[in-house]
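Peer 1:
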Amino acid sequence: MVRRAEPPDGGWGWMVVLSAFFQSALVFGVLRSFGVFFVEFVAAFEEQAARVSWIASIGIAVQQFGSSGWALTFTPTMAC
334 MVRRAEPPDG
344 GWGWMVVLSA
354 FFQSALVFGV
364 LRSFGVFFVE
374 FVAAFEEQAA
384 RVSWIASIGI
394 AVQQFGSSGW
404 ALTFTPTMAC
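With this note's numbering applied, the sequence shown covers 334 to 413.
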């Protein structure tokens, strides 16, 4: 009979994958669905469309710079 090898992380790897999926869905979902809220933001803030569009631009910039910062921080620790 063949014995199954125990996962080295105790099976928590799938929880990490699931958490990363939900985190990505939330972050990218909010940033990519900005167009749905755009008209309401223009009306609520009573501003020009060009000024309101900075909300999405800054959100995407923070997300991109943040992800590159995390990559630079954790890549050396995960090197083989």
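Every residue, glycine too, gets a C-beta built ideally from N, C-alpha and C.
Cα separation between Ala338 and Gly344?
Peer 2: 11 Å
Peer 1: Enumerate in chain order the residues of its own chain whose CB-to-CB distance from Thr408 is below 6 Å, with the five nearest sequence positions on each side excluded.
Peer 2: none
Peer 1: Return the CA-CA distance between Arg384 and Phe355, expressed in angstroms with no decimal places.
Peer 2: 30 Å
Peer 1: To the nearest angstrom, report how far apart Met334 and Pro340 are at their CA atoms.
Peer 2: 19 Å
Peer 1: If we ignore side chains and look at the alpha-carbon of each, how far apart do Met348 and Leu359 end up?
Peer 2: 16 Å
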